[in-house]
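Asker: Those protein sequence lines, which keep their order, are chains A and B. Each residue of the first sequence is one higher than the last, beginning at 1 in our numbering. Each residue of the second sequence is one higher than the last, beginning at 796 in our numbering. Quick one: the structure is below, and I'll ask about it shortly.
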Amino acid sequence: MSSVEVAEQQAPSLIGSSVPRKEDDRLLQGDGRFTDDVEPARSLHMAVGRCPFPHARIESIEAAEAAAMPGVHQVLTGVEVEARTEPISVLRPVPGAADLPFYALASEVCVFEGQPVVSVVAESRQLAEDAVEAIWIDYEPLAHVSDPIAALAPEAPVLHPERMDSNLLASNPQGRGEPEKRLAEAVVVVEDSFRIGRVSPLPMEPRAVVAEWRPGARELIAHVSTQVPHLVRMQLAESLRLGESEVRVVTGDVGGGFGLKLGLYPEDLLACLHAIELRRPVKWTEDRVEHFRASTHAREAVHDFRIAADAEGRFLAMTDTYVTDLGGQNSPFGSAQLSSIVFTGPYRVEDATVERRVAVTNKTPIGAYRGYGQPEVNFARELLVDRLARRLGRDPLELRLQNMLSEEELPWKNAVGALYDSGDYGRCLRMVAERIDYGGLRAAGRGPRPDGRYVGVGFTSFVERTGYASARFLANRGSRFGAHESVTLRANRSGGIDLYTGVSTFGQSNETAFAQICAEVHGIDYAAVRVHAGDTGATPLNTGAFASRTLIAGSGAVREAAAALRAKTLRIAAARLELEPDALEIAGDVVRCREQPQRAIGLAEIHVAAITGQGIPGDEEPGLEVTAHFEPSAAAFAYGSAAAVVAVDAETGEFEIERFVMAHDSGRIVNPRAVEGQVRGALAQGFGAALSEELRYEEDSGQLLNGTMLDYFVPTASDLPPIELLHTEVPSPVTPFGVRGVGETGTIPPGASIANAVCDALAEFGVEISSLPITPERVWRALREASNGGEGLEG
Amino acid sequence: MKPAPFEYVRPSSVAEAVATLEAHGGMARVLAGGQSLVPMLGMRLMRPSAVVDINGLDAELGQIEARGAETTIGALVRYSEAEASPVIAERLPLLRTAIRYIGDRQVRNRGTLCGAVAQSDPTGEVALVALTLGATVVAQGPGGVRELAADGFFVGSYANALAPEEMITGLRFGVVPARGAFFERGRKHNDFALLSLAVAATPEPDGSWRDVRVGMGGINDTPVLARAAAARLEGQRWDEAALAEAAQLALEDADPPEDVRASAEYRAHLLPIHLRRLLLSLVEEPRHG
């Protein structure tokens, strides 16, 4: 507590101050309460039997022996689940896509390895797993397709023949102008096909659910580890054929979401169904082996990108036709939808078109993941910018600056109609170039150094959409949520404020930021604001935390609620102090006269007066509680640039990232330390996807080759390069306080900057990189192909 | 990820442990540090009828003994203990270096060297060093104590010459060459090796080298000795040509696997490059790795 007060004294404005996080005291003392910490009396445990094949028909299920095992309470199969529930709904459908309904358990055909087929509830998880093993399921393996490009070939098996006549779920063209004409006229055209690997968002806490049903009360309480408790409540009610008032979703601390926990999963629904039918609490915590197959994957895409330029290096046109992999069926958010929005990046391009093609394959469904398409398209575009520079004999830094939108050109509507609100894009790029001493590095040359290694520098620049454009934008895409956020503030009799939000807490510092804004606007001490998050029984109906939207929308709701609460507090205090409200201020725990601070009244006293209705003005309603809803006027575009310096061993392809510098603008920063944590955390995931993480499938069997922590190479702190962060703070005109989203930024630049640095280091060999992750083996293959006189496209 | 049912036995002596292993007809498994066994139980990749927990046998199995020229590491000695042991630092510095490549601190606090030898992971660091330095595996079974040379002990991926009713009680090293060096490359920090190398040799006053030993991990279904490479270097001065030839000869004893860490081709490409560099470090660096 004392450190909080010190911080407040040092910083007159709470916004912009690195006050200690609200979340940390409990988390650091081991007092966090995660879903697995919840275990009601008489709890039973669920285990799920999963399809071991990528594509198979279920011929028969023999469950009698398992159901009769001691300690086993219930076995469910797909036929029963289909009869008793509705399909799981999609929250953000792919525009133009066929409806592909799916149930929590497959009953006829499985479309991915790990798809739930049976669920068992027993006295313990051990017994439940024993029973799953005792269920005999006869599968007829069907022809499968793993690769999204192969899935779109005419000879590929059609995975949903009852709904689709190919595996192309949807195709979404967007853009403006006549890029084909510009391409034909251009002096230079660079183009390539870029392959982005499939990764797992891999939150430290896997998914978890504890379901309790009180039949007499007709109340289902579902403790779910999720980013969107109110949306899960809606989905549970729909699928279980309950009224929403019969469902309460409670989300405590969440050990990471990253987009993976964005809606209802089959296991959530199954635990609830068992709990209702057994009238006993049912618990399921995902284990890591399940997680790698049953929780959504991310990123996998192939971008065919082209850039046309004139002799002076001016960008004339860009096109991007890309395929994203959906996996076997929908997930609540499906495959990434933001590549199209930002495909032209921070550059001045009038003629540009993009087409997103969504392919169905026999793999785990793809879902949202920090960045949601933005790291992928950034990789493709920024590698081509460097290739264009090499073709034209231009410096890649200069070429970027030449084509970058200037501060004066903003706001700018890009080719797909997204509005870049404000900013100084060039400044971030110049800052990173200066910080890494680009001039000095170029003067020192590319080597080789005495140790034999070649040195390269790589840049990347990006814009990042944060938040949603509007409820109308979402409605046009069939999304089942709004662009706003909602917050309730309730004064309490201790003189504090309870803040209620449906935004659950999964590491994004929302409790801290909301309390900072509340205290700043209202005047109360930061320490006296308590944030209650994630219980749908206690918090206002909201959208949830994703798309870097929490602060963009939520800060407005907090601001409006805090201002209204403050106004009423001042009116009540004014009557009691016999002063005008305008003469008063709230300072910590008192309301006082600005001119004569000794004329003061305790905040607790005002709160009690309002809550009891005793001693308030006659025209004032009792109570001191406000709910506010806020929708920002537009999405805010964050932006930034990064530079990497690498040293490459041309004999082995092994390389070291010696420096990584990033400058970004997230608009006005509420809590600098929290922002730095967000950026570094996202960078770690960006480096993972850039350097080592990749889910690999065996071609013949179609099975996941590396679904354990032994073989999936997620970086540890020891694997990360040194990171240097720079910030600028240009306020956005479209959001409260000028904030821009920041949670996803760091995932964007690592891949492109490192690839460009490696290609720069090995420029004399003509090495080009076209896929992620950039492993030493891939660099070695690229070197070998370049020296063999090939096009330098590694496998 | 919960184990299938098994009987849990905590014996009070090695003899009782061996008797339990015998009673289960080879279907029981010994639990020492559990760093490999417990995950395999959880994933039901292993379904022993009993788990014989030897953690109560510290008096019999917990020692590092230096006797004459020999150093014996008991079956309950943790990696961290060996890492911190002055005896190991003085007598087996190559082993000490290699231990730092094993897992992370938590794994090293719990895992045991003999457990790693029993696990016989083809990428295991302890197995590689034991093979390279010509260690002896001491095992006890119903028929008594058996001594098995590390060279020949590893018979396949996760397979060794131990009988199912036997347990390892110690790992014994003799006199080792004067210099040693260790190399490992994984896909991330403390990952399983896609390539690991251990080299040891003693320089002679005339500039030649004797007792040359070259071990390779991650390059075959067991750790293997690069015999042709070592023979090329034995008794020779190590000029650039000798090192380059020896590095190429190492491929004769390699049959690299193909997996998510690396292709066979890439492993074969890396092997001579890193072996040559490691041997060079032995020449340049007067002390152990």
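All C-beta atoms, glycine included, are put in the ideal place defined by N, C-alpha and C. Being a predicted model, the structure only gives us computed values, none of them experimental.
For Pro715 of chain A, which residues in chain B fall below 7 Å Cβ to Cβ?
Answerer: Position 715 of the first sequence, counting from 1, holds the residue named residue 715 of chain A. Here the neighbours are Lys983.
Asker: Among residues of its own chain, excluding the 5 on either side of Ala913 of chain B, which ones have a beta-carbon nearer than 6 Å to its beta-carbon?
Answerer: Looking up residue 913 of chain B in the second sequence gives position 118. Here the set comprises Ile963.
Asker: For Ser17 of chain A, name the three-state secondary structure that DSSP assigns.
Answerer: Within the first sequence, numbered from 1, the residue matching residue 17 of chain A stands at position 17. DSSP places Ser17 of chain A in coil when its eight states are reduced to three.
Asker: Please confirm whether Asp986 of chain B has its beta-carbon closer than 8 Å to some beta-carbon of chain A.
Answerer: The residue you call residue 986 of chain B lines up with position 191 of the second sequence. Judged by the 8 Å Cβ criterion, Asp986 of chain B is in contact with chain A.
Asker: What residues are listed by DSSP as bridge partners for Thr997 of chain B?
Answerer: Position 202 of the second sequence, counting from 1, holds the residue named residue 997 of chain B. Note: Thr997 of chain B sits in a beta bridge opposite B:Arg1005.
Asker: Is there a Cβ of chain C sitting closer than 8 Å to that of Arg50 of chain A, yes or no?
Answerer: Of the protein chains in the structure, A and B, none is chain C.
Asker: What is the DSSP secondary structure of Val730 of chain A, reduced to helix, strand or coil?
Answerer: Here residue 730 of chain A refers to the residue found at position 730 when the first sequence is read from its first residue. Here Val730 of chain A sits in coil by DSSP.
Asker: Does DSSP put Thr745 of chain A in a helix, a strand or coil?
Answerer: By 1-based counting over the first sequence, the position of residue 745 of chain A is 745. Helix.
Asker: Give me the chain B residues within the contact set of Trp780 of chain A, using Cβ-Cβ distance strictly less than 9 Å, ordered along the chain.
Answerer: For the purposes of this step, residue 780 of chain A is identified with residue 780 of the first sequence, where counting begins at 1. Ordered by position in chain B, the residues that pass the 9 Å Cβ test against Trp780 of chain A are Tyr1061, His1064, Leu1065.
Asker: Do we get a CB-CB distance below 8 Å when we pair Val1055 of chain B with the residues of chain A?
Answerer: Counted from its first residue, the second sequence places residue 1055 of chain B at position 260. It does: the Cβ of Val1055 of chain B has a partner Cβ on chain A nearer than 8 Å.
Asker: Determine, using beta carbons only, whether Tyr129 of chain A comes closer than 8 Å to chain B.
Answerer: What you label residue 129 of chain A is simply residue 129 of the first sequence in a count that begins at 1. In the sequence as presented, Tyr is not what sits at residue 129 of chain A; that position holds Glu. Yes, Glu129 of chain A lies at the interface with chain B (some Cβ there is under 8 Å from its Cβ).
Asker: Starting from Asp986 of chain B and walking both ways along the alpha helix (DSSP H), at which residues does that stretch end?
Answerer: The residue labelled residue 986 of chain B in the question sits at position 191 within the second sequence. Careful: Asp986 of chain B lies outside any alpha helix (DSSP H) and carries neither H nor E.
Asker: With a cut-off of 8 Å, do at least 3 Cβ pairs link the stretch 215-223 of chain A to the stretch 244-253 of chain A?
Answerer: A contact exists between the stretch 215-223 of chain A and the stretch 244-253 of chain A.
Asker: Under a Cβ-count criterion, where at least 16 other Cβ atoms within 10 Å of its own Cβ denotes burial, should Gln598 of chain A be classed as buried or exposed?
Answerer: The count along the first sequence starts at 1 and reaches residue 598 of chain A at position 598. Label assigned to Gln598 of chain A: exposed.
Asker: Taking the straight line between their C-alpha atoms, what separation do you get for Gly373 of chain A and Glu744 of chain A?
Answerer: Taking the first residue of the first sequence as position 1, residue 373 of chain A is located at position 373. Taking the first residue of the first sequence as position 1, residue 744 of chain A is located at position 744. Spanning the two alpha carbons is a distance of roughly 11 Å.
Asker: Cβ of Ile894 of chain B less than 8 Å from any chain A Cβ?
Answerer: Taking the second sequence and counting its residues from 1, one reaches residue 894 of chain B at position 99. By this cut-off, Ile894 of chain B is not an interface position.
Asker: Three Cβ pairs or more, each shorter than 8 Å: is that satisfied between the stretch 676-694 of chain A and the stretch 741-756 of chain A?
Answerer: yes
Asker: Express the C-alpha separation of Arg356 of chain A and Glu86 of chain A in angstroms, rounding to a whole number.
Answerer: Numbered from its first residue, the first sequence carries residue 86 of chain A at position 86. Numbered from its first residue, the first sequence carries residue 356 of chain A at position 356. The straight-line gap from Cα to Cα measures roughly 30 Å.
Asker: Quick test of your reading: Leu260 of chain A and Gly367 of chain A, contact by CB under 8 Å. State the CB separation rounded to the nearest angstrom.
Answerer: What you label residue 260 of chain A is simply residue 260 of the first sequence in a count that begins at 1. What you label residue 367 of chain A is simply residue 367 of the first sequence in a count that begins at 1. Indeed they touch by this definition, with Cβ atoms about 6 Å apart.
Asker: Could you give the C-beta distance for Asn362 of chain A and Ser146 of chain A, rounded to a whole number, given that I count them as a contact under 8 Å?
Answerer: In the first sequence, residue 362 of chain A corresponds to position 362, counting from 1. In the first sequence, residue 146 of chain A corresponds to position 146, counting from 1. Sure, about 6 Å apart at Cβ, within 8 Å.
Asker: Measuring only between beta-carbons, confirm whether Ile897 of chain B sits less than 8 Å from chain A.
Answerer: Here residue 897 of chain B refers to the residue found at position 102 of the second sequence. Not an interface residue.
Asker: Please classify Tyr265 of chain A: does DSSP put it in a helix, a strand, or coil?
Answerer: Translated into the one-based positions of the first sequence, residue 265 of chain A becomes position 265. Correct three-state label for Tyr265 of chain A: coil.
Asker: Suppose the cutoff is 7 Å on Cβ atoms and the five residues either side in sequence are ignored; what does the same chain contact list for Leu100 of chain A look like?
Answerer: Stepping through the first sequence from its first residue, residue 100 of chain A is reached at position 100. Same-chain partners within the cutoff: His160, Arg163, Gln329, Asn330.
Asker: Sorted by chain position, which residues of the same chain lie with C-beta nearer than 8 Å to Glu113 of chain A's C-beta, five sequence neighbours on each side aside?
Answerer: Indexing the first sequence from 1 puts residue 113 of chain A at position 113. If we look at Glu113 of chain A and ignore the five residues flanking it on each side, its Cβ neighbours are Arg50, Cys51, Pro52, Phe53, Pro54, Arg293, Asn362, Lys363, Thr364, Gly702, Gln703, Leu704.
Asker: Report the neighbours of Ser1058 of chain B on chain A: residues whose CB is nearer than 8 Å to its CB, in chain order.
Answerer: Within the second sequence, numbered from 1, the residue matching residue 1058 of chain B stands at position 263. Within chain A, the residues near Ser1058 of chain B are Glu777.
Asker: With a cut-off of 8 Å, does the C-beta of Val117 of chain A fall near any C-beta of chain B?
Answerer: Translated into positions along the first sequence, residue 117 of chain A becomes position 117. Not a single C-beta of chain B is nearer than 8 Å to the C-beta of Val117 of chain A.
Asker: When DSSP labels each residue in this structure, what does Asp351 of chain A get in the three-state scheme?
Answerer: For the purposes of this step, residue 351 of chain A is taken as the residue at position 351 of the first sequence. Strand at Asp351 of chain A.
Asker: May I ask you to list, following chain order, the residues of the stretch 267-297 of chain A that have a beta carbon less than 9 Å from some beta carbon of chain B?
Answerer: Asp287, Arg288, Val289, Glu290
Asker: Note down, in chain order, each residue of its chain lying with its Cβ closer than 8 Å to the Cβ of Tyr896 of chain B, except the 5 sequence neighbours on either side.
Answerer: In the second sequence, residue 896 of chain B corresponds to position 101, counting from 1. So the qualifying residues of the chain are Glu920, Phe977, Glu979, Asn985, Ala988, Ser991.
Asker: If you draw a straight line from the C-alpha of Leu14 of chain A to the C-alpha of Tyr500 of chain A, how long is it?
Answerer: Position 14 of the first sequence, counted from the first residue, corresponds to residue 14 of chain A. Position 500 of the first sequence, counted from the first residue, corresponds to residue 500 of chain A. Approximately 20 Å, taken between the alpha carbons.
Asker: By how many angstroms is the C-alpha of Ser335 of chain A removed from the C-alpha of Thr324 of chain A?
Answerer: The count along the first sequence starts at 1 and reaches residue 324 of chain A at position 324. The count along the first sequence starts at 1 and reaches residue 335 of chain A at position 335. About 6 Å.
Asker: What's the call for Gly939 of chain B, buried or exposed, on a 16-neighbour Cβ count within 10 Å?
Answerer: Numbered from 1 along the second sequence, position 144 holds the residue referred to as residue 939 of chain B. That one is exposed.
Asker: Identify, in the order they occur along the chain, each residue of the same chain with its Cβ nearer than 8 Å to the Cβ of Asp946 of chain B, setting aside the five sequence neighbours on each side.
Answerer: As a first step, residue 946 of chain B must be located in the second sequence, where it is residue number 151. Only Leu926, Gly929, Leu1020 meet the Cβ criterion.
Asker: In the DSSP assignment, find the beta strand (DSSP E) that holds Arg176 of chain A and state where it starts and stops.
Answerer: One-based indexing of the first sequence puts residue 176 of chain A at position 176. The continuous beta strand (DSSP E) containing Arg176 of chain A extends over residues 168-176.
Asker: Are the stretch 421-431 of chain A and the stretch 706-721 of chain A touching by the rule of at least three beta carbon pairs closer than 8 Å?
Answerer: no
Asker: Quick one: give me the first and last residue of the alpha helix (DSSP H) that Lys181 of chain A is part of.
Answerer: For the purposes of this step, residue 181 of chain A is taken as residue 181 along the first sequence, with counting starting at 1. Residues 179-185.
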